[in-house]
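Following: one structure in structure tokens, then a few remarks.
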Amino acid sequence: MTCHELPTQPYPGQQPGTSGLRKKVGVFQQPGYLENFVQALFDELYGPGQPAQGQTLVLGGDGRYHNRVAVQTILRMAAARGYARVLVGQGGILSTPAASAVIRRHGASGGIILSASHNPGGVDGDFGIKYNTANGGPAPEKLTTAVYQRTQALTAYTTCDAPDVPLDRLGSHTVEHTAVEVIDPVADYAELMRGLFDFDAIRALFAQGFRLRYDAMCAVGGPYARALLEGELGAPPGTVVNGEPLEDFGGLHPDPNPVNAADLVAHLMAPDAPDMGAASDGDADRNMVLGRGFVVSPSDSLAVLAAHLHRLPGYRHGLAGVARSMPTSTAVDRVAKAMGMPCFETPTGWKFFGNLLDAGRVTLCGEESYGTGSDHVREKDGLWAVLCWLNLVAVTGRSVEALVRGLWREHGRCVYSRHDYEGIPTAQADQLMADLRRSLPTLAGQTVAGQRIAWADDFAYTDPVDSSRSERQGVRVVLEDSSRVVFRLSGTGTEGATLRVYLERHEPDARRHDLPAQQALAPLVQLAEAVAGIRHHTGMDQPSVMT
Ligand code: VG1
Ligand code: CO
Numbered sequence: 014m015t016c017h018e019l020p021t022q023p024y025p026g027q028q029p030g031t032s033g034l035r036k037k038v039g040v041f042q043q044p045g046y047l048e049n050f051v052q053a054l055f056d057e058l059y060g061p062g063q064p065a066q067g068q069t070l071v072l073g074g075d076g077r078y079h080n081r082v083a084v085q086t087i088l089r090m091a092a093a094r095g096y097a098r099v100l101v102g103q104g105g106i107l108s109t110p111a112a113s114a115v116i117r118r119h120g121a122s123g124g125i126i127l128s129a130s131h132n133p134g135g136v137d138g139d140f141g142i143k144y145n146t147a148n149g150g151p152a153p154e155k156l157t158t159a160v161y162q163r164t165q166a167l168t169a170y171t172t173c174d175a176p177d178v179p180l181d182r183l184g185s186h187t188v189e190h191t192a193v194e195v196i197d198p199v200a201d202y203a204e205l206m207r208g209l210f211d212f213d214a215i216r217a218l219f220a221q222g223f224r225l226r227y228d229a230m231c232a233v234g235g236p237y238a239r240a241l242l243e244g245e246l247g248a249p250p251g252t253v254v255n256g257e258p259l260e261d262f263g264g265l266h267p268d269p270n271p272v273n274a275a276d277l278v279a280h281l282m283a284p285d286a287p288d289m290g291a292a293s294d295g296d297a298d299r300n301m302v303l304g305r306g307f308v309v310s311p312s313d314s315l316a317v318l319a320a321h322l323h324r325l326p327g328y329r330h331g332l333a334g335v336a337r338s339m340p341t342s343t344a345v346d347r348v349a350k351a352m353g354m355p356c357f358e359t360p361t362g363w364k365f366f367g368n369l370l371d372a373g374r375v376t377l378c379g380e381e382s383y384g385t386g387s388d389h390v391r392e393k394d395g396l397w398a399v400l401c402w403l404n405l406v407a408v409t410g411r412s413v414e415a416l417v418r419g420l421w422r423e424h425g426r427c428v429y430s431r432h433d434y435e436g437i438p439t440a441q442a443d444q445l446m447a448d449l450r451r452s453l454p455t456l457a458g459q460t461v462a463g464q465r466i467a468w469a470d471d472f473a474y475t476d477p478v479d480s481s482r483s484e485r486q487g488v489r490v491v492l493e494d495s496s497r498v499v500f501r502l503s504g505t506g507t508e509g510a511t512l513r514v515y516l517e518r519h520e521p522d523a524r525r526h527d528l529p530a531q532q533a534l535a536p537l538v539q540l541a542e543a544v545a546g547i548r549h550h551t552g553m554d555q556p557s558v559m560t
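This is the structure we're talking about:
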């Protein structure tokens with residue numbers, strides 16, 4: 014076997030977005046496309062052409078179409094780079110939170126996760142790649158920007174002509190001088206979960222007949238949920254549905270929300286509904302939680318966890334603090350204030366939580382996009398969130414709905430919704446945001462659609478740990494009663510642009526807590542239209558998805 018250099022060239026658009034580089038499968042299938050990106054990454058990590066001496070790389074993905082091909086390509090490049098060791102998940106599989114756990118547990122220098130997460134999969138769907146650093150968390154913007162710049166300057170990449178590594182059986186192999194270990198993708202993660210939760214209490218809950226329906230949406234969460242819920246915690250077989258990871262996710266769209274997981278919602282709304290429902294996304298870092306006949310909003314889920322997490326073994330010493338992404342509702346802020354905990358507001362994307370977690374300033378983090386996680390890893394973690402809820406139900410004896418209603422009673426309800434306008438031509442979406450930004454200085458004090466705007470800005474963030482600065486992270490329009498509308502463009506899509514409009518209104522009056530969210534938020538929808546001219550810019554009357 015020999016290593017050799019092959020020619021490559023800059024490809025347009027290899028700039029990672031909110032979470033890694035995501036493109037259509039066909040784009041990734043172009044000869045040299047993936048290689049160009051990986052070479053740029055290795056060059057940034059170790060210096061151009063320099064070996065990754067003594068380093069360990071973790072490698073795996075969500076099992077979507079092209080996963081296996083990409084794993085073999087990267088194994089050959091890692092061997093040619095001189096990595097000491099590569100830990101690859103069996104079958105090329107590792108969920109995002111499991112990859113984070115493996116990196117941390119084995120002292121790896123980092124990991125490559127092959128996933129486009131909540132984006133559709135299959136031959137006509139999306140593929141993705143992201144790099145996580147030694148803390149187990151997504152690479153910071155500084156690194157992803159440097160990698161992008163390097164992708165634009167490369168002329169060659171290094172690989173070797175080793176045969177494919179057999180991925181389906183656990184075992185050790187040598188490629189060039191690199192030890193490649195095919196590891197159980199669940200084992201390290203399961204071990205971590207055992208240390209955080211009261212498994213006996215959850216086991217007792219299931220033994221008493223508590224019924225859960227976990228929809229893995231034919232994505233990578235299935236094997237983890239089956240092993241832990243059905244295997245260890247005694248949930249009856251069939252608790253996990255769509256539990257087999259499929260290359261095309263069985264035609265499902267593993268972006269769990271009430272639209273894409275309509276089947277799960279229907280089960281939880283049925284007369285014989287289970288006690289709890291849950292779903293995870295493509296790479297199993299997101300979670301959706303439902304009670305019987307009751308949908309939990311992700312921002313409320315975060316707030317409930319903030320209020321109760323100290324009841325669980327892994328968190329019995331309390332929380333150092335909490336953090337949420339800017340568009341996430343302020344429910345968690347209210348809980349944090351009442352409990353005397355610091356609460357941080359970061360830009361969208363998990364990479365912004367890493368420094369706060371590493372510095373021990375926060376224990377729990379979350380986003381409105383069905384993402385919650387803690388300092389146990391450096392990613393959001395879908396199954397972890399479900400285990401939190403199960404454990405809380407077990408120790409408090411309260412239902413999912415009762416836990417959320419308790420939050421509303423104590424702190425009022427942050428009525429919340431996100432409206433997504435998908436598939437907008439990029440130029441139109443950019444124009445909308447540019448016009449909106451231009452109007453910012455004059456918005457404060459104006460009455461628009463009958464509502465008086467207190468202030469408006471474009472969110473900018475200075476990381477409290479390393480002082481790095483991130484500008485233009487979303488336009489906020491805030492009313493005098495703290496109701497708000499936030500506008501930003503998605504950084505994960507692969508076709509055109511998606512405008513996200515986030516709507517929030519605090520409702521202290523318990524008699525109004527059961528008003529449907531869309532009804533309670535209707536005035537803010539009018540405000541959003543009036544300040545941003547969504548119809549004018551996009552021609553769309555209605556959002557494509559409301560969550
Ligand atoms: C979306 C969500 C964001 C999340 C990101 C990655 O980003 O809004 O909260 O961190 O997806 O999630 P954007 O830029 O499209 O709004 V995942 O589970 O797709 O990695
Ligand atoms: Co995800």
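Residue 378 in this note's numbering sits at position 365 of the sequence shown, with consecutive numbering throughout. Glycine included, each C-beta is placed from N, C-alpha and C at the ideal position. All figures in this text were calculated on a predicted structure; none of them were measured in a lab.
If you measure from the CB of G295, is any heavy atom of ligand 2 nearer than 8 Å?
Here residue 295 is taken as the residue at index 282 of the sequence shown, counted from 1. Within the cutoff, so yes.
When you get a sec, list the residues whose CB is within less than 6 Å of any heavy atom of ligand 3, chain order please.
Ligands displayed in this structure: ligand 1 and ligand 2; ligand 3 is not among them.
Is K143 near ligand 2, with its Cβ less than 8 Å from a heavy atom?
Locating residue 143 in the sequence shown gives position 130, counting from the first residue. No heavy atom of ligand 2 is found nearer than 8 Å to the CB of K143.
Going by DSSP, name the residue or residues bridged to S338.
Position 325 of the sequence shown, counting from 1, holds the residue named residue 338. When beta bridges are read from the DSSP output, S338 appears opposite T359.
Taking the alpha carbon of V478 as the point to measure from, which residue in C427, Y434, V544 and F357 has its own alpha carbon closest?
Here residue 478 refers to the residue found at position 465 when the sequence shown is read from its first residue. Considering only alpha carbons, the answer is F357.
If we ignore side chains and look at the alpha-carbon of each, how far apart do G247 and G327 end up?
The residue given as residue 247 occupies position 234 in the sequence shown. The residue given as residue 327 occupies position 314 in the sequence shown. When the Cα atoms are used, G247 and G327 turn out to be separated by approximately 21 Å.
Output yes or no for whether 9 Å exceeds the beta carbon distance between V254 and Y227.
Position 241 of the sequence shown holds residue 254. Position 214 of the sequence shown holds residue 227. Yes.
Can you find a heavy atom of ligand 2 that lies under 8 Å from the Cβ of S314?
For the purposes of this step, residue 314 is taken as the residue at position 301 of the sequence shown. No, ligand 2 has no heavy atom inside 8 Å of this Cβ.
Taking G60 as the reference, give the member of G395, A372, G95 and Q539 with the closest Cα.
To locate residue 60, count along the sequence shown from 1; it is residue 47. For G60, the closest of G395, A372, G95 and Q539 by C-alpha to C-alpha distance is G95.
Would S376 and Y474 qualify as a contact pair, given that the criterion is a beta-carbon distance under 9 Å?
Taking the sequence shown and counting its residues from 1, one reaches residue 376 at position 363. Taking the sequence shown and counting its residues from 1, one reaches residue 474 at position 461. The residue asked about is misnamed: residue 376 is Thr in this sequence, not Ser. No, the Cβ-Cβ distance between T376 and Y474 is not below 9 Å.
Unbroken stretches of the alpha helix (DSSP H), 4 residues or longer, contained in the segment 282–360:
Runs found: 311–321 and 344–352.
Just how far apart, CA to CA, sit M553 and S108?
For this step, residue 553 is matched to residue 540 along the sequence shown. For this step, residue 108 is matched to residue 95 along the sequence shown. Their Cα atoms are separated by approximately 36 Å.
Distance CB(K143)-CB(S481) smaller than 9 Å:
Here residue 143 is taken as the residue at index 130 of the sequence shown, counted from 1. Here residue 481 is taken as the residue at index 468 of the sequence shown, counted from 1. No, these two residues do not count as a Cβ contact at 9 Å.
Going by beta-carbon coordinates alone, are V71 and I125 separated by less than 9 Å?
Here residue 71 corresponds to residue number 58 of the sequence shown, with the count starting at 1. Here residue 125 corresponds to residue number 112 of the sequence shown, with the count starting at 1. With contacts defined as CB atoms closer than 9 Å, V71 and I125 qualify as a contacting pair.
Inter-residue Cα distance where the pair is L265 and R431:
For the purposes of this step, residue 265 is taken as the residue at position 252 of the sequence shown. For the purposes of this step, residue 431 is taken as the residue at position 418 of the sequence shown. L265 and R431 have their C-alpha atoms roughly 21 Å apart.
In the DSSP assignment, find the alpha helix (DSSP H) that holds D163 and state where it starts and stops.
As a working note, residue 163 is residue 150 in the sequence shown. Per the sequence shown, residue 163 should be read as Arg rather than Asp. E154 to T164 is the span of the alpha helix (DSSP H), which, as asked, contains R163.
Among L516, A457, K350 and W402, the one whose alpha carbon lies nearest that of L209:
Position 196 of the sequence shown holds residue 209. The residue from L516, A457, K350 and W402 with its alpha-carbon nearest to that of L209 is W402.
If you draw a straight line from the C-alpha of Q165 to the C-alpha of P25, how long is it?
As a first step, residue 165 is located in the sequence shown; it is residue number 152 there, counting from the start. As a first step, residue 25 is located in the sequence shown; it is residue number 12 there, counting from the start. For Q165 and P25, the distance between alpha carbons rounds to 8 Å.
Taking 8 Å as the cut-off, is the CB of T507 close to at least one heavy atom of ligand 2?
Indexing the sequence shown from 1 puts residue 507 at position 494. With a threshold of 8 Å, the Cβ atom of T507 does not count as near ligand 2, since no heavy atom of the ligand is closer than that.
Run the proximity test for S113: is its beta-carbon closer than 8 Å to any non-hydrogen atom belonging to ligand 2?
On the sequence shown, position 100 is the one that residue 113 refers to. Distances taken from the Cβ of S113 to the heavy atoms of ligand 2 include none shorter than 8 Å.
Return yes when at least one heavy atom of ligand 2 lies under 8 Å from the C-beta of T109, else no.
Here residue 109 corresponds to residue number 96 of the sequence shown, with the count starting at 1. Under cutoff, so the answer is yes.
G373 to G123 span [Cα, whole Å]:
One-based indexing of the sequence shown puts residue 373 at position 360. One-based indexing of the sequence shown puts residue 123 at position 110. Per the coordinates, the alpha-carbon of G373 lies some 20 Å from the alpha-carbon of G123.
In whole angstroms, what separates the C-alpha of V461 from that of E542?
Within the sequence shown, the letter at position 448 stands for residue 461. Within the sequence shown, the letter at position 529 stands for residue 542. So the two alpha carbons sit approximately 10 Å from each other.
Count the CB pairs spanning the segment 230–238 and the segment 256–270 that are closer than 8 Å, and state whether there are at least three.
With contact defined as three or more Cβ pairs closer than 8 Å, the segment 230–238 and the segment 256–270 are in contact.
In or out: Q531 buried (at least 16 other Cβ within 10 Å) or exposed?
Stepping through the sequence shown from its first residue, residue 531 is reached at position 518. It counts as exposed.
Nearest-angstrom Cβ-Cβ length linking G251 and S293, presumed shorter than 8 Å:
Position 238 of the sequence shown, counting from 1, holds the residue named residue 251. Position 280 of the sequence shown, counting from 1, holds the residue named residue 293. Going by Cβ atoms, the distance from G251 to S293 rounds to 17 Å, so no, they are not a contact pair.
Do M339 and F472 come within 9 Å of each other at the CB atom, strictly closer than that value?
The count along the sequence shown starts at 1 and reaches residue 472 at position 459. The count along the sequence shown starts at 1 and reaches residue 339 at position 326. The beta carbons of F472 and M339 sit closer together than 9 Å.
Going by DSSP in three states, E493 sits in which element: helix, strand or coil?
Taking the sequence shown and counting its residues from 1, the one referred to as residue 493 is at position 480. Correct three-state label for E493: coil.
Taking only the alpha-carbon atoms, compute the straight-line gap between I167 and G33 and give it to the nearest angstrom.
Start at 1 with the first residue of the sequence shown, and residue 167 comes out as number 154. Start at 1 with the first residue of the sequence shown, and residue 33 comes out as number 20. In the sequence as displayed, the identity of residue 167 is Leu instead of Ile. L167 and G33 have their C-alpha atoms spaced approximately 19 Å apart.
Strand pairing of Q531, partner residues [DSSP]:
As a first step, residue 531 must be located in the sequence shown, where it is residue number 518. DSSP lists no partner for Q531.
Counting Cβ pairs closer than 8 Å, one from the segment 179–192 and one from the segment 89–104, do we hit at least three?
With the cut-off at 8 Å, the segment 179–192 and the segment 89–104 touch.
Opening and closing residue of the beta strand (DSSP E) in which A510 lies
Here residue 510 is taken as the residue at index 497 of the sequence shown, counted from 1. Taken as a continuous stretch (DSSP letters only), the beta strand (DSSP E) holding A510 covers A510 to E520.
In whole angstroms, what is the alpha-carbon distance linking R163 and Q22?
Position 150 of the sequence shown, counted from the start, is the residue given in the question as residue 163. Position 9 of the sequence shown, counted from the start, is the residue given in the question as residue 22. Each residue's alpha carbon lies about 11 Å from the other.
Residues bridged to M206 (per DSSP)
Here the question's residue 206 lines up with position 193 in the sequence shown. None; M206 has no bridge partner.
Hey, is L156's beta-carbon within less than 9 Å of any beta-carbon in chain D?
No chain D appears in this structure, which consists of one protein chain only.
Between the beta-carbon of A351 and the beta-carbon of L332, is there less than 9 Å?
The residue given as residue 351 occupies position 338 in the sequence shown. The residue given as residue 332 occupies position 319 in the sequence shown. Contact flag unset, no.
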